[in-house]
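Visitor: Chains as they are written, first to last, in my numbering: chain A, 8 to 125; chain B, 261 to 368.
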Amino acid sequence: SAVISQKPSRDICQRGTSLTIQCQVDSQVTMMFWYRQQPGQSLTLIATANQGSEATYESGFVIDKFPISRPNLTFSTLTVSNMSPEDSSIYLCSVEEARLAGGQETQYFGPGTRLLVL
Amino acid sequence: QKEVEQNSGPLSVPEGAIASLNCTYSDRGSQSFFWYRQYSGKSPELIMSIYSNGDKEDGRFTAQLNKASQYVSLLIRDSQPSDSATYLCAVRYQKVTFGTGTKLQVIP
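#1: At a Cβ cut of 7 angstroms, what residues of the stretch 328–359 of chain B count as close to chain A, listed as they run along the chain?
#2: Tell me whether ASP18 (chain A) sits in a helix, a strand or coil according to DSSP, three-state version.
#3: May I ask you to list, following chain order, the residues of the stretch 296–329 of chain B that have a beta carbon less than 7 angstroms from some beta carbon of chain A?
#4: For GLN35 (chain A), which residues of its own chain have a beta-carbon under 7 angstroms away from its beta-carbon, when the five flanking residues on both sides are left out?
#5: Tell me, which residues are paired with ARG320 (chain B) by DSSP?
#6: Three-state secondary structure (DSSP) at GLU93 (chain A)?
#7: Can you find a CB in chain B that lies within less than 8 angstroms of the CB of TYR98 (chain A)?
#8: Check each candidate in B:ASP287, B:GLY269, B:TYR311, B:GLU275 and name the one with the smallest Cα separation from TRP295 (chain B).
#9: Helix, strand or coil for ASP343 (chain B), going by three-state DSSP, please let me know.
#10: What's the gap between the Cα of GLY117 (chain A) and the Cα of SER329 (chain B)?
#11: Quick check: what's the CA-CA separation for TYR331 (chain B) versus GLN21 (chain A)?
#12: Please state whether the Cβ-Cβ distance between ILE367 (chain B) and SER309 (chain B) is less than 8 angstroms.
#13: For GLY269 (chain B), which residues in chain A fall below 7 angstroms Cβ to Cβ?
#14: Distance check for THR55 (chain A) and GLU265 (chain B), CA to CA, integer angstroms please.
#15: Judging by CA-CA distance, which residue of B:GLN291, B:SER303, B:GLY289, B:GLU275 is the nearest neighbour of TYR347 (chain B)?
#16: Taking 7 angstroms as the cut-off, is the CB of GLU317 (chain B) close to at least one heavy atom of the ligand COA?
#17: Taking the alpha carbon of THR27 (chain A) as the point to measure from, which residue in A:LEU123, A:GLU112, A:SER88 has its own alpha carbon closest?
#18: Does the beta carbon of PHE294 (chain B) sit closer than 8 angstroms to a beta carbon anywhere in chain A?
#19: What does GLY361 (chain B) reach in chain A if we use C-beta pairs closer than 7 angstroms?
#20: According to DSSP, is ALA105 (chain A) helix, strand or coil?
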């Protein structure tokens with residue numbers, strides 16, 4: 008499977024500031040996603056990062072709060088804007104690929120970015 | 261109604277026993293089913309995928325799928341303390357939806 012890296016791995020930020028999280032994949036992938044996992048909760052899909060076009064956001068998430076870039080098939084960024092303590096969470100990048108030619112698409116996750124907003 | 265449901269646990273089993281984790285889903289058109297393991301403070305790691313009815317075995321893990329009853333389960337044989345983690349069920353219909361996870365504790 009693809010190797011996924013994220014930067015930063017963790018950060019502590021002040022209320023009202025913004026943080027940009029980077030996701031790098033070692034191979035070209037069509038589908039990239041951004042998830043949020045709040046403490047003790049499951050995964051919530053924020054958006055699908057589309058290469059060359061605007062991201063597709065899930066209900067409850069908006070571009071002004073979570074702008075996403077996808078300049079190519081191996082890289083994406085998620086910005087958490089105007090942060091509040093409620094944004095404290097783990098942010099996960101995910102890619103989807105078929106393990107084998109003709110295989111089923113499967114999602115794999117990066118190591119995550121742990122964000123604490125004070 | 262939740263699309264993918266799991267018992268949050270914790271499920272406690274003694275070392276060496278079989279751990280049985282269950283998941284139900286609501287969309288009958290679902291085609292792909294996954295189990296992820298997530299250690300505390302880590303990201304989810306894919307351990308099993310299953311696409312057709314029946315059992316699929318991989319080492320100590322067996323995934324079971326019953327589309328008529330809309331459930332998928334994961335059996336872990338010879339449970340080890342290192343299996344202690346949260347297990348997330350994921351189901352693909354038009355997109356992948358994750359359950360809330362079951363916390364498994366394997367007691368030495």
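Cβ coordinates follow ideal geometry from the N, Cα and C atoms, glycine included.
For clarity, every value in this text was computed on a predicted model and none was experimentally measured.
Guide: Short version:
#1: Only those residues of the stretch 328–359 of chain B whose C-beta falls short of 7 angstroms from the nearest C-beta of chain A are listed: LEU348, VAL356, PHE358, GLY359.
#2: The answer is strand: DSSP assigns ASP18 (chain A) an E or B state.
#3: For the stretch 296–329 of chain B, residues whose beta-carbon sits nearer than 7 angstroms to a beta-carbon of chain A comprise SER303, PRO304, LEU306, SER309, TYR311.
#4: Result list for GLN35 (chain A): LEU80, THR81, in chain order.
#5: None; ARG320 (chain B) has no bridge partner.
#6: Under the three-state reduction of DSSP, GLU93 (chain A) is assigned to helix.
#7: So, not an interface residue.
#8: Of the residues B:ASP287, B:GLY269, B:TYR311, B:GLU275, the one whose Cα lies closest to the Cα of TRP295 (chain B) is B:TYR311.
#9: Here ASP343 (chain B) sits in helix by DSSP.
#10: Those two C-alpha atoms are separated by around 33 angstroms.
#11: Cα-Cα distance, rounded: 44 angstroms.
#12: Remark: C-beta atoms of ILE367 (chain B) and SER309 (chain B) do not approach each other more closely than 8 angstroms.
#13: The premise fails here: GLY269 (chain B) is roughly 12 angstroms from chain A at the closest Cβ pair, so nothing lies under 7 angstroms.
#14: One C-alpha to the other measures close to 23 angstroms.
#15: Closest by C-alpha distance to TYR347 (chain B), out of B:GLN291, B:SER303, B:GLY289, B:GLU275, is B:SER303.
#16: For the structure depicted, the ligand COA is absent and the ligand set is empty, with no information on it obtainable.
#17: Considering only alpha carbons, the answer is A:SER88.
#18: It does; some Cβ of chain A falls within 8 angstroms.
#19: What GLY361 (chain B) touches in chain A: SER49.
#20: Secondary structure of ALA105 (chain A) (DSSP, three-state): strand.
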